[in-house]
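Position one of the sequence shown corresponds to residue -12 (our numbering), numbered consecutively onward. Think of the CB as a built atom: it goes at the ideal place given N, C-alpha and C, for glycine as much as any other residue. Take a look at the structure below.
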Amino acid sequence: MSRRIIVDTDTAGDDVQALLLACLTDRLRLEAVTIVAGNVPFDRQVENAKYTLSLVGADDTPVYEGARGPLLKDFHHVEHIHGAGGLGGNLHPKTGIPSAEEFAPAEIVRRCRAAPGEYTLLCIGPLTNLALALSQEPALPELVDEVWMMGGAVHCEGNVTPAAEYNVWVDPDAAKRVFEAFEVTLVDWGLSLRDSLLRPDGVDAVQNLEGKLADVIGGIIAPVYEFTRTEQDVDGVPQPDSLTAALLAYPELRRETTTYAVEVDERSGLTRGYLSVDVNGGSGTSAQTRVVESADRAAFCDVVLGMLRDRDPDQRFRNREGK
Ligand code: BDR
Ligand code: CA
């Protein structure tokens, strides 16, 4: 049975691969895409999402435009990582596909009210849309199935400042409200760096594959790889958003999870967006954030390569089931 999902995304870089996976796996049923401010200029993200859907014949999936900036703070895009426009720098699609009419947070509320307990929210950008949806419907935590989020730096330094990972840093006020209200399953930057890393042989493999999906993703990862090598001393390409989508779709990839009390530092300054994760249980706050601590990296990379080669991310698991 497939899970009904809404993907909330700042579509650029690895968000593209996460969307492809959400469309192509039989484990998930992607019913709506909502766009939130983040990686690159907003209108570009909207086009990137529509283009991604059109690559796999899913352009009838509605795309709803949401918050064009964080609740309270200023932020910056990261085109220096993803290339101008967010798809590697050389791809600037104009699909001509109209956006759906509703404001994204209102649509999240509408759908969850209409089908209580059925939708899982896959949040792979800043949490502004979800925080706005929550303010419109305070009972939203009871109306959703699960909330999965890519973000935070749990046992590691951040990627945008030493304290913070980008998605939480962009809108820490939204993240604070969301982590207080929902039982979030979190895929953080540290896990992404370790267990989603496409190593040099994997980067070569993607770049040598034939076909449209591999061409697009090969172009997207090129500047990211350059950035991670030269600026982050990481020899490979982390795939945080598609790891989050894959862990949601395939429980087989989850190795270990721990539930912690988590609080977000929303203050401006050095610690903006820091996640205080109560690893020794001393806070007295109840633990409700489930952190994925480790994942099957080799199997995840197989899923990605299977998807880019054959448009069939499920093949690894189907083969196993068949054995
Ligand atoms: C996260 O920030 C964005 O740049 C990526 O798409 C990912 O969601 C990683 O910190
Ligand atoms: Ca993202």
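Report the partner residues of residue i according to the DSSP bridge assignment.
i       : result
Arg241  : Ala282
Tyr51   : Thr21 and Ala87
Asp158  : In the DSSP output, where bridge partners are listed per residue, Asp158 has none listed.
Thr148  : DSSP lists no partner for Thr148.
Ile(-8) : Leu17 and Thr107
Glu213  : Answer is none; Glu213 lacks a bridge partner.
Leu185  : Val224
Arg277  : Thr172 and Thr246
Asp252  : Tyr261
Val190  : Note: Val190 sits in no beta bridge, so no partner.
Val134  : Leu108 and Val171
Return yes when at least one heavy atom of ligand 2 lies under 6 Å from the C-beta of residue i, else no.
i       : result
Gly112  : yes
Asp2    : yes
Asp158  : no
Asp(-5) : no
Asp175  : no
Examine ligand 1 and report whether any of its heavy atoms sits within less than 6 Å of the Cβ of residue i.
i      : result
Val33  : no
Glu152 : yes
Met137 : yes
Asn26  : yes
Val171 : no
Val249 : no
Asn146 : yes
Val221 : no
Val224 : no
Val203 : no
Val65  : yes
Could you give the C-beta distance for residue i and residue j, rounded to a whole number, given that I count them as a contact under 8 Å?
i      : j      : result
Ala282 : Arg241 : 6 Å
Thr215 : Val224 : 6 Å
Asp190 : Ile208 : Residue identity differs from the one stated: residue 190 is Val in this sequence, not Asp. That pair is a contact at about 6 Å.
Asn116 : Pro92  : 5 Å
Thr258 : Ala150 : 5 Å
Asn35  : Leu74  : 6 Å
Val174 : Leu230 : 6 Å
Pro227 : Ser183 : 6 Å
Asp301 : Thr12  : 6 Å
Val165 : Leu121 : 7 Å
Lys37  : Val50  : 6 Å
Thr107 : Asp132 : 5 Å
Thr244 : Glu213 : Actually they do not touch by this definition, with Cβ atoms about 33 Å apart.
Lys81  : Ser255 : No, Lys81 and Ser255 are not in contact; Cβ-Cβ is about 37 Å, not under 8 Å.
Val65  : Thr39  : About 18 Å separates the two Cβ atoms, so there is no contact after all.
Val211 : Gly177 : Going by Cβ atoms, the distance from Val211 to Gly177 rounds to 18 Å, so no, they are not a contact pair.
Taking 6 Å as the cut-off, is the C-beta of residue i nearer than that to any heavy atom in ligand 4?
i      : result
Asp228 : As far as ligands go, the structure on display features ligand 1 and ligand 2 and does not contain ligand 4.
Does residue i have its Cβ less than 7 Å from a Cβ in chain D?
i     : result
Gly73 : The structure shown contains no chain D; it holds only a single protein chain.
At least three beta-carbon pairs within less than 8 Å, the region 164 to 174 to the region 136 to 143: yes
Inspect the CB distances between the region 244 to 251 and the region 285 to 305 and report whether three or more fall short of 8 Å. no
So, do the region 69 to 82 and the region 90 to 110 have three or more beta carbon pairs nearer to each other than 8 Å? no
Does the count of Cβ pairs from the region 101 to 120 and the region 53 to 60 closer than 8 Å reach three? yes
With three or more C-beta pairs closer than 8 Å as the rule, is the region 156 to 165 touching the region 14 to 22? no
Does the contact criterion of 3 or more C-beta pairs under 8 Å hold for the region -10 to 2 versus the region 21 to 33? yes
At least 3 beta-carbon pairs within less than 8 Å: the region 289 to 303 vs the region 195 to 202: yes
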